[in-house]
Every structure is written in structure tokens, then in C-alpha cells.
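A.B. asks: Quick one: the structure is below, and I'll ask about it shortly.
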Amino acid sequence: SGQIIVDFEIILEKNRVIFHGPPTSNKSRTVRGKVKLEVAGKLNVKEIMLTLSGDFRFCKTNNGSTINDATIPRQGTVFSTCILLVNKRTLYPGLHEFFFEFLIPGDLPESISSDHVLCEYFLKAELTPRETDELNSLNKVVDIVDIFVERAMLLNDEYITRGLEAKRYIGSKKNVLDFEFIVPKIIRLNSDALRFHARWDGQRVANVTFSFVQSECLKASLPETDIEDSSPPTVIDSATKVISGPFRFDLPRNERLKLQCRPMVFQLPITEPLVHDYDLFGIEIRHRLVISIQLANRHKDIIRFVVPITVESIVPNLDSSPSPCKVCQTSQSALLHFANKIFHGHLLELDSNKNLSIKDSKKNQPHNQPSSSPQIPINEENVQRIVPSSTITESDDDETDKISSEKTGTTTATTATYINPVENSQQAFPQKVSSRPLLAATSGNIVADKFAKLQYILQLRRRRRSMTVKNRSSS
1 SGQIIVDFEI ILEKNRVIFH GPPTSNKSRT VRGKVKLEVA GKLNVKEIML TLSGDFRFCK
61 TNNGSTINDA TIPRQGTVFS TCILLVNKRT LYPGLHEFFF EFLIPGDLPE SISSDHVLCE
121 YFLKAELTPR ETDELNSLNK VVDIVDIFVE RAMLLNDEYI TRGLEAKRYI GSKKNVLDFE
181 FIVPKIIRLN SDALRFHARW DGQRVANVTF SFVQSECLKA SLPETDIEDS SPPTVIDSAT
241 KVISGPFRFD LPRNERLKLQ CRPMVFQLPI TEPLVHDYDL FGIEIRHRLV ISIQLANRHK
301 DIIRFVVPIT VESIVPNLDS SPSPCKVCQT SQSALLHFAN KIFHGHLLEL DSNKNLSIKD
361 SKKNQPHNQP SSSPQIPINE ENVQRIVPSS TITESDDDET DKISSEKTGT TTATTATYIN
421 PVENSQQAFP QKVSSRPLLA ATSGNIVADK FAKLQYILQL RRRRRSMTVK NRSSS
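Take the sequence shown: its letter number 168 is residue 168 in the working numbering, and every next letter is one higher.
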């Protein structure tokens, strides 16, 4: 074959196919190119077939599967089409070019490669000579090139403009701690760090631990006869990957209690490659921030819950190409900006059996949770000896979500409400009715906060003096 066929290759105009916006079958992209064939002698060709195919594979995890792999395969084809370029034709010595184009639908999953999920597209050209030639039909000549299907959201999309705003998570542990976290709903795929704000008031907090987690699962599609069934698809297998952390931040013990009311800015570096969220062809990828607050009391109570975060590839316009994920080479950039100082987070050893044991299993759901609510329960072994874990449930209201709670003995887990920060920018914690003057909510400006605190102290002193004068006059 090497004496007759000199060159046989696929040449593409572009090997990247970029879709903008959410998946939809109404949009399509065209892949154009040519197959170049150079022969040194007369060649009788039976056919030249061009095949565009997309395959996925879900790597088996340590969790195993309760369903037979033969029943529900872990790999398959998401898209396949072919073109017959040449059919029973004789080619003479020289250079021959065959042009082609394919339409790729806009509802295909993107090309993705992670620790547990692989989805890739490729274009294959096969030349089959006639049996009468020196090249028999069993000796095919093949050339394969990769095609990358990518998806990006436009910056001016309403979904993105709303999602890039931070969302406030307000919660309290009864008579112990009030807290709030201001976390972005959407972060860019090319972000090198996850940044968010936090603040709490009440009992002193010893430390807080964060982990940014990527969960991947393979779901079984429902049969056609069960279309009316509202039950969620069965999860065949799932895997969890820690993108950042776990990082523990030890808060200064010599600071006064009231200083912990000040805003804190946390920065978690992206230390592992990640992909953006999607849910297509039974493959679901989601991201969550796992938060663990340890109180500085005798029992060392721990409050745990998770916050959903969407990762998207965002471009400013249609002419821009999506940027790849950025990975920080060092974990030293885990920082806490607090009280005009900078503290570094400590990277903890990850124990998959005890720490961050996150499973999508119904049997671990609290009894007061609806079965359809998305959640990441903490390991049952830890729940029995710490404050019960809190999980996120989606409500019907777009502006308000809740972190549900459960009771165990005399301890109640955190109950938090997410409030639109634009409408409730002045109330960080639920205010209690009292005759005492209230300290103004911190604004993030250190000078302004100190001035407000001074005004608060002076107001208290004036009230005490007036009460003293009244008591003396009455006596």
C-alpha cells in the first residue's frame, strides 16, 4: 500500500466547534474540510467513507454499581453520521481532493475529559480498495482527527448577568451563632480562585473549613412508559472530585468577640482541573461549596452545609473563543482577609471515608426532606456525634431558598434563608426588637465601621448618664 498510496489525510478548516448559549436543537454548526489523497499508480477504489462520531465513557469508581453493567452500559455513542465520498471509482496517479461538510446539532454534550467522565468527537476517513487490486478489502487505509465541541455562554445573557451577582446565605444556630455567607451563584471556568464573603455574630468561632467539590454521576434514563412518573432518574454511579481544599482557616483567639462580626473575605485557589456544569445524555456534573464551622465552645460543635455554585464558560461576544480552566500551582494562595490582616489557610489531608463523604443516595436523606430535593448529605457516622448536617433544598420561589434543619436531642441545626442582596443589603442578620441602640451593619469600610462603633459607644454612655441623673433626682 505504501508504494501506491503516497498520502491520505483529513484537512479541516477548524477543529473547534463553538456553540453559544444553552443546548438547543434549533442551532447547528458546520464542519468543513477535505480529504487529500495522493497516489503513485492506478488505484481502483471501492469506497472512501467519512464518519463523524461522538463517544462517551464513564470511568468505574470505587463505589461500584448496583445495576448490571450489561443492562446499562457505561459507554456509548452520543452522535454518529457518515458521508460516502467515493464509490467504485478508479483513481489515476496524482493528487486528488474530496471536499465535505457536516452539520453538528446544538444539543450535543461538549467535549470533556475529567477523572471520571470522557466525551470526545473524532472524524475518521476510511479508504477501501477493490479486491482485484494488490490491496485487498481487508487492508483499509484510515486517518483520524479530533474535533472539539465547546459551549460558552454570552456575557450579556440574562442568565449570566443574574448569576454573576452574589447571593446572600443567612442562617443561625438558635441562641448560639448568627452567620451569613455572600457567595457568587456563577463563576467563570477560567477563574483561578473562588472568592466569597462571610460574617458571623454570637459565640466565638474557632475555625472554618471549606472545600470546593465537583460531583459527577451517570444516570439511567427512564423508559418511555414511565414518562408521567415524576420520580428522578436512578443514579447508576457517582464520583466526587475536590477542586479546591479542604482548607481550614483558624481565626485569631486573641481578638475580641465583636471583631468576628466584621466582614471576612475568603479566597480558595483552584488546584485541580474542572469542567463546567451540564446535564446531557445521562451525564450530570455539578459543583458545590462545602462549609464546616467549628465553634469555640466546650463541645466544639460543628455546623455543616453546602452551597451550590454553577461553573460556566463565559465569552464577551460571538467572535470570542472560550478560555480553558486555570489551575493554581500552589495552595499558598488560600487567604483570609480579616480585620485589616491576611491569614493563610491550611490544606488538610483528604480522607474519602470520613471527611467530605458526599454521596447521592436516598437512604442518607433526612426524614423531613422531600425525596426530589438535590442534596449532599454528610457521612452518617459524623452526623451522630456532631451537629446534624444541613442540606440545600430548592424552593418554588426564584429569590428565596432554604437550608433545612433537623433536630437531634436538644440541638437544632442551622436554618438559613437566601435573600436577594439588592433588596436586603442593610440587614445582615435578623434584627431583634430592643430598646438599646443598635450597632449599624458593617459596610466593609474599616474606617467607617470604627466610626460607627465609636458612635454606638458614645450613645450608650449618654444613655447611662441620663439614667444616672434621673435616679439621683428621684432620690
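By construction, the Cβ of each residue, glycine as well, lies at the ideal position given by its N, Cα and C atoms.
Indicate, with yes or no, if the ligand GDP has a heavy atom lying under 7 angstroms from the CB of H344.
C.D. replies: Although the ligand GDP was asked about, the structure shown includes no ligands whatsoever.
A.B. asks: Spell out a yes or no on whether the segment 197-207 and the segment 82-91 are touching, meaning 3 or more CB-CB pairs, one atom from each, closer than 8 angstroms.
C.D. replies: At 8 angstroms Cβ cutoff, the stretches do not touch.
A.B. asks: Looking only at its chain, what residues have a beta carbon closer than 7 angstroms to the beta carbon of R465, apart from the 5 residues adjacent to it on each side?
C.D. replies: Residue 465 sits at position 465 when you count from the first residue of the sequence shown. Nothing meets the Cβ criterion.
A.B. asks: Compute the Euclidean distance between the alpha carbons of L91 and V6, then round it to the nearest angstrom.
C.D. replies: Residue numbering aside, residue 91 sits at position 91 when the sequence shown is read from its first letter. Residue numbering aside, residue 6 sits at position 6 when the sequence shown is read from its first letter. So the two alpha carbons sit approximately 13 angstroms from each other.
A.B. asks: Here's the rule I'm using: 16 or more other beta-carbon atoms within 10 Å means buried, otherwise exposed. How should H287 be labelled?
C.D. replies: Residue numbering aside, residue 287 sits at position 287 when the sequence shown is read from its first letter. Under this definition H287 is a buried residue.
A.B. asks: Tell me, to the nearest whole angstrom, how far the beta carbon of F210 is from that of R16; I am working on the premise that it is less than 8 angstroms.
C.D. replies: On the sequence shown, residue 210 is found 210 positions in, with the first residue counted as 1. On the sequence shown, residue 16 is found 16 positions in, with the first residue counted as 1. Rounded, the Cβ-Cβ distance is 34 angstroms, inconsistent with contact.
A.B. asks: Among Q332, N156, F343, N44, which one has its Cα closest to the Cα of R130?
C.D. replies: Position 130 of the sequence shown, counted from the start, is the residue given in the question as residue 130. When only C-alpha atoms are compared, the closest one is N44.
A.B. asks: Identify, in the order they occur along the chain, each residue of the same chain with its Cβ nearer than 7 angstroms to the Cβ of V275, setting aside the five sequence neighbours on each side.
C.D. replies: In the sequence shown, the residue the question calls residue 275 occupies position 275. Within the same chain, V275 has close Cβ partners I112, S114, I285.
A.B. asks: Looking at V315: is its Cβ nearer than 8 angstroms to the Cβ of A152?
C.D. replies: Start at 1 with the first residue of the sequence shown, and residue 315 comes out as number 315. Start at 1 with the first residue of the sequence shown, and residue 152 comes out as number 152. Yes, they are a contact pair.
A.B. asks: Return yes when the Cβ of S238 is within less than 8 angstroms of the Cβ of F212, no when it is not.
C.D. replies: Translated into the one-based positions of the sequence shown, residue 212 becomes position 212. Translated into the one-based positions of the sequence shown, residue 238 becomes position 238. It is not a contact, given that the beta carbons lie outside the stated cut-off.
A.B. asks: What does a CB cutoff of less than 8 angstroms around F247 pick up in its chain, not counting 5 residues either side in sequence?
C.D. replies: Counting from 1 along the sequence shown, the entry for residue 247 is found at position 247. Excluding positions up to five away in sequence, the list reads T209, F210, S211, L268, S331, A334, G345, H346, L347, L348.
A.B. asks: When the Cα atoms are used, what is the spatial distance from M264 to F343?
C.D. replies: Numbered from its first residue, the sequence shown carries residue 264 at position 264. Numbered from its first residue, the sequence shown carries residue 343 at position 343. So the alpha carbons of these two residues sit roughly 11 angstroms apart.
A.B. asks: My output table needs one value for N15: the three-state DSSP class, helix, strand or coil.
C.D. replies: Numbered from 1 along the sequence shown, position 15 holds the residue referred to as residue 15. Three-state DSSP puts N15 in coil, outside helix and strand.
A.B. asks: If you check the beta carbons only, do V183 and I309 fall under 8 angstroms apart?
C.D. replies: One-based indexing of the sequence shown puts residue 183 at position 183. One-based indexing of the sequence shown puts residue 309 at position 309. In contact: V183 and I309 (Cβ atoms closer than 8 angstroms).
A.B. asks: Checking 8 angstroms against the spacing of the C-beta atoms, do L127 and V145 come in under that value?
C.D. replies: Locating residue 127 in the sequence shown gives position 127, counting from the first residue. Locating residue 145 in the sequence shown gives position 145, counting from the first residue. Contact: no.
A.B. asks: By the DSSP assignment, the beta strand (DSSP E) with I309 in it spans what residues?
C.D. replies: Along the sequence shown, one-based indexing puts residue 309 at 309. That run of the beta strand (DSSP E) goes 302-312.
A.B. asks: Can the beta-carbon of L280 be found closer than 8 angstroms to that of P109?
C.D. replies: Along the sequence shown, read from residue 1 onward, the residue named residue 280 stands at position 280. Along the sequence shown, read from residue 1 onward, the residue named residue 109 stands at position 109. Yes, Cβ-Cβ distance for L280 and P109 is below 8 angstroms.
A.B. asks: So, at 7 angstroms on beta carbons, what are the nonlocal neighbours of V141 in its own chain, with the 5 sequence-adjacent residues on each side left out?
C.D. replies: For the purposes of this step, residue 141 is taken as the residue at position 141 of the sequence shown. Within the same chain, V141 has close Cβ partners S1, I5, F8, L127.
A.B. asks: Ignore the nearest five residues each way along the sequence and tell me which others in Y159's own chain have a CB closer than 6 angstroms to its CB.
C.D. replies: Numbered from its first residue, the sequence shown carries residue 159 at position 159. Here the set comprises nothing.
A.B. asks: Is it buried or exposed, S474, if we count other Cβ atoms within 10 angstroms and call 16 or more buried?
C.D. replies: Position 474 of the sequence shown, counted from the start, is the residue given in the question as residue 474. The residue in question, S474, is exposed, as its Cβ has fewer than 16 Cβ neighbours within 10 Å.
A.B. asks: Secondary structure at I170, three-state DSSP: helix, strand or coil?
C.D. replies: Stepping through the sequence shown from its first residue, residue 170 is reached at position 170. Correct three-state label for I170: strand.
A.B. asks: State the Cα-Cα distance for the pair G41 and R29, rounded to the nearest angstrom.
C.D. replies: Counting from one through the sequence shown, the residue named residue 41 turns up at place 41. Counting from one through the sequence shown, the residue named residue 29 turns up at place 29. Roughly 38 angstroms between the two C-alpha positions.
A.B. asks: With a 10 Å radius around its C-beta and 16 neighbouring C-beta atoms as the bar for buried, classify E216 as buried or exposed.
C.D. replies: In the sequence shown, counting from the first residue as 1, residue 216 sits at position 216. Buried, by the Cβ-count rule.
A.B. asks: Going residue by residue through the segment 139-206, where are the continuous alpha helix (DSSP H) segments of at least 4 residues, counting only ones entirely within it?
C.D. replies: Segments of the alpha helix (DSSP H) lying fully in the segment 139-206: 158-163.
A.B. asks: Looking at V327 and I291, is the spacing between their C-beta atoms short of 8 angstroms?
C.D. replies: Translated into positions along the sequence shown, residue 291 becomes position 291. Translated into positions along the sequence shown, residue 327 becomes position 327. Contact flag unset, no.
A.B. asks: Between which two residues does the beta strand (DSSP E) containing C328 stretch?
C.D. replies: Against the sequence shown, residue 328 aligns to sequence position 328. Neither: C328 is in no beta strand (DSSP E) and is coded neither H nor E.
A.B. asks: Assign A40 to one of three DSSP states: helix, strand, or coil.
C.D. replies: Here residue 40 refers to the residue found at position 40 when the sequence shown is read from its first residue. DSSP places A40 in coil when its eight states are reduced to three.
A.B. asks: Determine the burial state of Q329: buried for a count of at least 16 other Cβ atoms within 10 Å of its Cβ, exposed for fewer.
C.D. replies: On the sequence shown, residue 329 is found 329 positions in, with the first residue counted as 1. So Q329 ends up on the exposed side.
A.B. asks: Which term fits P322, buried or exposed, when burial requires 16 or more other beta carbons within 10 angstroms of its beta carbon?
C.D. replies: Counting from one through the sequence shown, the residue named residue 322 turns up at place 322. P322 should be labelled buried.
A.B. asks: Use the C-beta contact count for F58: other C-beta atoms within 10 angstroms, 16 or more gives buried, fewer gives exposed.
C.D. replies: To locate residue 58, count along the sequence shown from 1; it is residue 58. It counts as buried.
A.B. asks: Give me the residue from I457, L318, A339, R461 with the minimum Cα distance to N156.
C.D. replies: As a working mapping, residue 156 is identified with position 156 in the sequence shown. If we check each option's Cα against that of N156, L318 comes out closest.
A.B. asks: Tell me, please, which residues DSSP counts as bridged to V35.
C.D. replies: For this step, residue 35 is matched to residue 35 along the sequence shown. Beta-bridge pairing links V35 to I10, F98.
A.B. asks: Exposed or buried, L454, counting other C-beta atoms within 10 Å across all chains shown (16 or more means buried)?
C.D. replies: Looking up residue 454 in the sequence shown gives position 454. Exposed, because fewer than 16 other Cβ atoms sit within 10 Å of the Cβ of L454.
A.B. asks: Apart from the five residues just before and just after E224, which ones in its own chain have a Cβ nearer than 8 angstroms to its Cβ?
C.D. replies: Taking the first residue of the sequence shown as 1, we reach residue 224 at position 224. Confidence at E224 is low in this model, with a pLDDT of 42, below 50, so its placement is unreliable and the value that follows should be read with caution. Once the five neighbours on either side are set aside, E224 has no close Cβ partner at all.
A.B. asks: Does the distance from the C-beta atom of A186 to that of L194 stay below 8 angstroms?
C.D. replies: By 1-based counting over the sequence shown, the position of residue 186 is 186. By 1-based counting over the sequence shown, the position of residue 194 is 194. Note that residue 186 is Ile in the sequence shown, not Ala. Against a cut-off of 8 angstroms, the Cβ pair of L194 and I186 comes out as no contact.
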